[in-house]
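K.L.:
Before we start, here is the structure in question, set down as structure tokens.
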Amino acid sequence: MPATLSRKAAIVGIGATEFSKDSGRTEMQLACEAVKAALEDAGLKGADIDGMATFSMDNNWENEILRQVGGKELKFFSRTEFGGGAACGPFVHAATAIASGLCDTVVIYRALNERSGLRFGSGQLMDTSPLNPNMINFSHYFPFGFMTPAAWIAFSARRYMHEYGATSEDFGRVAVSMRDFAATNPNAFFYEKPITLEDHQTSRMIADPLRLYDCCQESDGAVAFVVTSAEKAKDLQQTPALIASARQSIVKDTRMMTPFYGETISGIPEFDACAAEVYSMAGLNPDDIDMACLYDHFSPWVLPQLEAFGFCDQGEAKDYVRDGHINRGGKLPVNTHGGQLGEAYIHGMNGIAEAVRQIRGTSVNQVENVNHVLVTAGTGVPTGAAILERG
Amino acid sequence: MSELSAAELLEKVKPLLNRRVGPYKSFNPVSRTQVWQWCTAMGDNNPLYQQDDKVIAPPTMMQMWTMRDAQGNYPEGSSTDNPYEILSIMEEHGYAGVMAVSYDQTFHRYLEEGDQVHHYSTIVNITDEKSTAVGKGFFVTEIAHFLDQNEECFAEATITYFQYQAPKRPAAPKSSSGPMKINRVAPIENYDNEHYWEGLRQGKLLIQRCTSCGTLRHPPQPMCECCQSTEWDTIESTGKGTVYTFTVMHYPEIPPFDYPNAIVLVDLEEGVRLVSQLENCKPEDIEIGMAVEMEIKEVQEGMSLPIFKPAQ
Chain A
3 MPATLSRKAA IVGIGATEFS KDSGRTEMQL ACEAVKAALE DAGLKGADID GMATFSMDNN
63 WENEILRQVG GKELKFFSRT EFGGGAACGP FVHAATAIAS GLCDTVVIYR ALNERSGLRF
123 GSGQLMDTSP LNPNMINFSH YFPFGFMTPA AWIAFSARRY MHEYGATSED FGRVAVSMRD
183 FAATNPNAFF YEKPITLEDH QTSRMIADPL RLYDCCQESD GAVAFVVTSA EKAKDLQQTP
243 ALIASARQSI VKDTRMMTPF YGETISGIPE FDACAAEVYS MAGLNPDDID MACLYDHFSP
303 WVLPQLEAFG FCDQGEAKDY VRDGHINRGG KLPVNTHGGQ LGEAYIHGMN GIAEAVRQIR
363 GTSVNQVENV NHVLVTAGTG VPTGAAILER G
Chain B
21 MSELSAAELL EKVKPLLNRR VGPYKSFNPV SRTQVWQWCT AMGDNNPLYQ QDDKVIAPPT
81 MMQMWTMRDA QGNYPEGSST DNPYEILSIM EEHGYAGVMA VSYDQTFHRY LEEGDQVHHY
141 STIVNITDEK STAVGKGFFV TEIAHFLDQN EECFAEATIT YFQYQAPKRP AAPKSSSGPM
201 KINRVAPIEN YDNEHYWEGL RQGKLLIQRC TSCGTLRHPP QPMCECCQST EWDTIESTGK
261 GTVYTFTVMH YPEIPPFDYP NAIVLVDLEE GVRLVSQLEN CKPEDIEIGM AVEMEIKEVQ
321 EGMSLPIFKP AQ
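Protein sequence lines, in the order shown, are assigned to chains A and B.
Each position in the first sequence, counted from 1, maps to that position plus 2 in this note's numbering.
Each position in the second sequence, counted from 1, maps to that position plus 20 in this note's numbering.
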């Protein structure tokens, strides 16, 4: 029973900057501000931190942040590769480090100026060094102009439509639901700006079948968390969000944004592989999940996540969405902050912050009686998932 | 041009240091017309310069008075020495870039109408070779003295240049005579995949085959995922297949591609998948399962790609 990290650690602090299109400051400052806010939220000081975890894509070094937030020493630090697929890895690492006694209190952060700085969707190149594994992978796609995340994901979305009869409107229903939540979230970029299904259907084509409103935003901002032992969490000021389970996942056919070579490409084999254990580690099943924060860089890939995690059968997510189950007041409200489609694109970390607020009962779009929230990291990449529990 | 080391080049130019050259004279005395032209061009409305009964030259005009004419000549009576001989020698030896780094000026008095200017130039320092973001080169410092008709120094300037060797860049495409053409991003070629790109250059679409268990694989990778052998050869694909999935890219429009840009994932008849572009097909006519065939095209110099079209 791989349950050693289950409920050994809890998220006890969350912090964020504003989400914008041009933060006007460095990613380092954003990171420090978010970490400081998370520490204050937890009622802790920089000197209480002895671990850090973040994305390998994050441009801010642990030592620099530690010094500025008043920290003294880190016994543990780790990074997770693969863009938004790293959104759950740091929690796996933090919980493992705490459960094993490596350290007591881990700060997790992600800061990015993705709109005012390097825009991932622009087709701009990052590091073109011949040793960069991204470039080696993308060498089979860039020469054709096949160089945006929307286009890569369109391959899978098209297959999903072909195999299960889902339509662009089904993807639109996901976008409309996220924008509905964002419309009542003052921190969302699209606050008070809901869209209709017709708006979605008439929004311009980006990479067929993905329309503009199927694509997440580009944002500047930072989110940070404080994770500590379940024991210590009891003495702190916030309702703890226990990490009931957390897992990373890579399978044989996983590729970096370009999973085109498996037997099927319409699903998310990484989640198919890990979902059962995400539940068993927590001793829970899909019926126990009260709401979910699912990674939504592009709306089509929300659907197979609902299937992989057992909320509906394979190919039936379109019906689940048509029935309104992921909406406000639905059976499984998804991304009540507005998601990355509606709130901001902070590489999924703002979704995990919303999961913590739902556990605490402090979301602006609070779901009643939330005890368990499923959170997922990016799809189409090496990824991970976790279940948070009200402590 | 001989290839000199940086140290040898320094040895060659150092004897020219601290040699004061000049005078370099001005074509015209300070005049109301030229002061008016300068102030107008610069948007300098300071009333000090153009008074009814008096004209004062803005100090920053200093360098302008002794500039060469449009043909590059100094006025008669000027020295024929090249004040920048050191820079010229460096340029001949591959340090062809020059960048002004700093310009410190000292003014001792205002020039007035009728003053006649000349200047002298002295190269006073050259550093050792330095590496910078723009390339390797030498910082060269010049001191210029500006004198009036009474041989009195009214201003001086300390100017530092960076004379550098720009890093070598790939040569521009031979055919391009117009604006610079943006190329497709070239693939990274390494031991694992160079056979693939070289095959395309030779007009063949090659699929990697494990020589131990016979499994085909694409994209290339060093080890067979079925039997872990690193021994492999290739077979030549017919380039025939069917569309497994597709997208039509509309936005953003990335140069040099034409939009909309149809991209297909093709199930090749040999049993592997390949990403490519689809041509000769209206976007609305693309369907999953449609038969396609390939033609290898040299899309730009040194880059050949398998491009698909609907099967005939």
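Each residue gets a CB set at the ideal place from its N, CA and C atoms; glycine is no exception.
1. Are the CB atoms of residue 115 of chain B and residue 158 of chain B nearer to each other than 8 Å?
2. Within the continuous alpha helix (DSSP H) that includes residue 139 of chain A, where are the two ends?
3. Would you be able to state if there are at least three C-beta pairs under 8 Å between the region 278–287 of chain A and the region 39–52 of chain B?
4. Is residue 226 of chain A near the ligand ZN, judged by its Cβ being under 7 Å from some heavy atom?
5. Against residue 236 of chain B, what residues of chain A qualify as contacts under a CB-to-CB distance less than 8 Å, listed in chain order?
6. Measure from the alpha carbon of residue 206 of chain A to the alpha carbon of each residue in B:268, B:92 and B:205, then state which is nearest.
7. What ranges does the alpha helix (DSSP H) occupy inside the region 255–321 of chain A, keeping only unbroken runs of at least 4 residues that lie completely in it?
8. Go ahead and pull the three-state DSSP assignment for residue 356 of chain A.
9. Report yes if the CB atom of residue 311 of chain B is closer than 8 Å to the CB atom of residue 282 of chain B, and no otherwise.
10. Between which two residues does the alpha helix (DSSP H) holding residue 250 of chain B run?
11. Which value, in whole angstroms, describes the spacing of the CA atoms of residue 147 of chain B and residue 123 of chain B?
12. Is it true that the CB of residue 15 of chain A sits closer than 8 Å to the CB of residue 40 of chain A?
13. Anything in the region 266–285 of chain B with a Cβ closer than 7 Å to a Cβ of chain A? List those residues in chain order, please.
14. Residues of chain A with CB closer than 9 Å to the CB of residue 325 of chain B, please, in chain order.
15. Hey, residue 367 of chain A and residue 183 of chain A are a contact pair by Cβ (cut 8 Å); roughly how many whole angstroms apart?
16. Roughly how many angstroms separate the alpha carbons of residue 78 of chain B and residue 134 of chain B, rounded to a whole number?
17. CB-CB under 7 Å to residue 290 of chain A, same chain, minus the five flanking residues each way: which ones, in chain order?
18. Taking Cβ to Cβ, would you say residue 109 of chain A is nearer than 8 Å to residue 228 of chain A?
19. Roughly how many angstroms lie between the CA atoms of residue 30 of chain B and residue 113 of chain B, to the nearest whole one?
20. Compare the beta carbon distance of residue 266 of chain B and residue 306 of chain B with 8 Å and say whether it is the shorter of the two.
21. Any residues in the region 161–185 of chain A with a beta carbon nearer than 7 Å to a beta carbon of chain B? Which ones, in chain order?
22. Output the residue ranges of the alpha helix (DSSP H) runs that lie fully inside the region 210–253 of chain A and measure 4 residues or longer, sorted by chain position.
23. Under a Cβ-count criterion, where at least 16 other Cβ atoms within 10 Å of its own Cβ denotes burial, should residue 50 of chain B be classed as buried or exposed?
24. What's the C-alpha gap between residue 44 of chain A and residue 355 of chain A?
25. Would the region 109–118 of chain A and the region 337–357 of chain A be scored as touching if the rule is three or more Cβ pairs under 8 Å?
26. With distance defined between alpha-carbon atoms, name the residue in B:165, B:241 and B:163 nearest to residue 249 of chain B.
27. Is it the case that the Cβ atoms of residue 57 of chain A and residue 293 of chain B are separated by a distance below 8 Å?
28. Taking DSSP as the reference, what is the three-state secondary structure of residue 90 of chain A?
29. Taking all protein chains shown into account, do 16 or more other C-beta atoms lie within 10 angstroms of the C-beta of residue 193 of chain B, making it buried, or fewer, making it exposed?
30. Since residue 296 of chain B meets chain A, which of its residues come closer than 7 Å, beta carbon to beta carbon?
31. At what residues does the alpha helix (DSSP H) containing residue 202 of chain A begin and finish?
32. Alpha carbon to alpha carbon, how far is residue 255 of chain A from residue 246 of chain B? Give it in angstroms, no decimals.
33. So, does the CB of residue 142 of chain A fall closer than 8 Å to a CB anywhere in chain B?
34. Measuring only between beta-carbons, confirm whether residue 205 of chain B sits less than 8 Å from chain A.
35. I want to verify the contact list: residues of chain A whose CB lies under 7 Å from the CB of residue 208 of chain B, in sequence order.
36. Given this structure, state the Cα-to-Cα distance separating residue 310 of chain A from residue 185 of chain B, to the nearest angstrom.
P.N.:
Based on what the coordinates show:
1. Residue mapping note: residue 115 of chain B aligns to position 95 of the second sequence, counting from 1. Residue mapping note: residue 158 of chain B aligns to position 138 of the second sequence, counting from 1. Cβ atoms of residue 115 of chain B and residue 158 of chain B: closer than 8 Å.
2. Here residue 139 of chain A refers to the residue found at position 137 of the first sequence. Under the DSSP assignment, residue 139 of chain A falls in the alpha helix (DSSP H) whose first and last residues are 135–140.
3. Under the three-pair Cβ rule at 8 Å, the region 39–52 of chain B does not count as touching the region 278–287 of chain A.
4. Absence of the ligand ZN is noted for the structure shown, with no ligands found whatsoever.
5. To locate residue 236 of chain B, count along the second sequence from 1; it is residue 216. Going along chain A, no residue has its Cβ under 8 Å from residue 236 of chain B, so there is no contact; the nearest lies around 12 Å.
6. Within the first sequence, numbered from 1, the residue matching residue 206 of chain A stands at position 204. Ranking B:268, B:92 and B:205 by CA distance to the CA of residue 206 of chain A puts B:268 first.
7. Runs of the alpha helix (DSSP H) lying entirely within the region 255–321 of chain A and spanning at least 4 residues, in chain order: 271–284 and 304–310.
8. The sequence position of residue 356 of chain A within the first sequence is 354, counting from 1. Secondary structure of residue 356 of chain A (DSSP, three-state): helix.
9. Numbered from its first residue, the second sequence carries residue 311 of chain B at position 291. Numbered from its first residue, the second sequence carries residue 282 of chain B at position 262. Not closer than 8 Å, so no.
10. Looking up residue 250 of chain B in the second sequence gives position 230. Counted as a single uninterrupted DSSP element, the stretch harbouring residue 250 of chain B is not any alpha helix (DSSP H), since DSSP gives it neither H nor E.
11. Mapped onto the second sequence, residue 147 of chain B falls at position 127. Mapped onto the second sequence, residue 123 of chain B falls at position 103. Separation of residue 147 of chain B and residue 123 of chain B (C-alpha to C-alpha, rounded to the nearest whole angstrom) is 17 Å.
12. Counted from its first residue, the first sequence places residue 40 of chain A at position 38. Counted from its first residue, the first sequence places residue 15 of chain A at position 13. In this structure, residue 15 of chain A lies closer than 8 Å to residue 40 of chain A by Cβ.
13. Listed in sequence order: 266, 267, 268, 269, 270, 271, 272, 274, 277, 281, 283 and 285.
14. As a position in the second sequence, residue 325 of chain B is number 305, starting the count at 1. Those within 9 Å of residue 325 of chain B in chain A are 145 and 146.
15. As a working mapping, residue 367 of chain A is identified with position 365 in the first sequence. As a working mapping, residue 183 of chain A is identified with position 181 in the first sequence. That pair is a contact at about 5 Å.
16. Walking along the second sequence from the start, residue 78 of chain B turns up at place 58. Walking along the second sequence from the start, residue 134 of chain B turns up at place 114. Roughly 14 Å between the two C-alpha positions.
17. Taking the first sequence and counting its residues from 1, the one referred to as residue 290 of chain A is at position 288. Closer than 7 Å at the Cβ level, and outside the excluded window around residue 290 of chain A, lie 374.
18. In the first sequence, the residue the question calls residue 109 of chain A occupies position 107. In the first sequence, the residue the question calls residue 228 of chain A occupies position 226. For residue 109 of chain A and residue 228 of chain A, yes; Cβs fall inside 8 Å.
19. Mapped onto the second sequence, residue 30 of chain B falls at position 10. Mapped onto the second sequence, residue 113 of chain B falls at position 93. Roughly 11 Å separates the two Cα atoms.
20. By one-based count along the second sequence, residue 266 of chain B stands at place 246. By one-based count along the second sequence, residue 306 of chain B stands at place 286. Taking 8 Å as the cut-off, the beta carbon of residue 266 of chain B is found closer than this to the beta carbon of residue 306 of chain B.
21. Cβ contacts with chain B: 161 and 164.
22. Within the region 210–253 of chain A, the alpha helix (DSSP H) runs of at least 4 residues that lie entirely inside it are, in chain order, 232–235.
23. Along the second sequence, read from residue 1 onward, the residue named residue 50 of chain B stands at position 30. That one is buried.
24. The residue you call residue 44 of chain A lines up with position 42 of the first sequence. The residue you call residue 355 of chain A lines up with position 353 of the first sequence. Taking the straight line from one Cα to the other gives about 13 Å.
25. Verdict: yes, contact present.
26. As a position in the second sequence, residue 249 of chain B is number 229, starting the count at 1. Looking from the CA of residue 249 of chain B, the closest CA among B:165, B:241 and B:163 belongs to B:241.
27. Against the first sequence, residue 57 of chain A aligns to sequence position 55. Against the second sequence, residue 293 of chain B aligns to sequence position 273. Going by beta carbons, residue 57 of chain A and residue 293 of chain B fall outside the 8 Å limit.
28. On the first sequence, residue 90 of chain A is found 88 positions in, with the first residue counted as 1. Here residue 90 of chain A sits in coil by DSSP.
29. Along the second sequence, one-based indexing puts residue 193 of chain B at 173. For residue 193 of chain B, the pLDDT reaches just 49, beneath the cut-off of 50, and the residue's location in the model is therefore unreliable, although a value from the coordinates is still provided. Exposed: under 16 other Cβ atoms inside 10 Å.
30. Reading the second sequence from its first residue, position 276 is the one you call residue 296 of chain B. Within chain A, the residues near residue 296 of chain B are 146.
31. Numbered from its first residue, the first sequence carries residue 202 of chain A at position 200. Run containing residue 202 of chain A: 199–204, per the alpha helix (DSSP H) assignment.
32. Locating residue 246 of chain B in the second sequence gives position 226, where the first residue counts as 1. Locating residue 255 of chain A in the first sequence gives position 253, where the first residue counts as 1. Cα-Cα distance, rounded: 13 Å.
33. Locating residue 142 of chain A in the first sequence gives position 140, counting from the first residue. By the rule that beta-carbons nearer than 8 Å mark a contact, residue 142 of chain A touches chain B.
34. Locating residue 205 of chain B in the second sequence gives position 185, counting from the first residue. Yes, residue 205 of chain B lies at the interface with chain A (some Cβ there is under 8 Å from its Cβ).
35. In the second sequence, residue 208 of chain B corresponds to position 188, counting from 1. Listed along chain A, the residues sitting closer than 7 Å to residue 208 of chain B by beta-carbon distance are 132, 137, 138 and 141.
36. Start at 1 with the first residue of the first sequence, and residue 310 of chain A comes out as number 308. Start at 1 with the first residue of the second sequence, and residue 185 of chain B comes out as number 165. When rounded, the distance between both Cα atoms is 58 Å.
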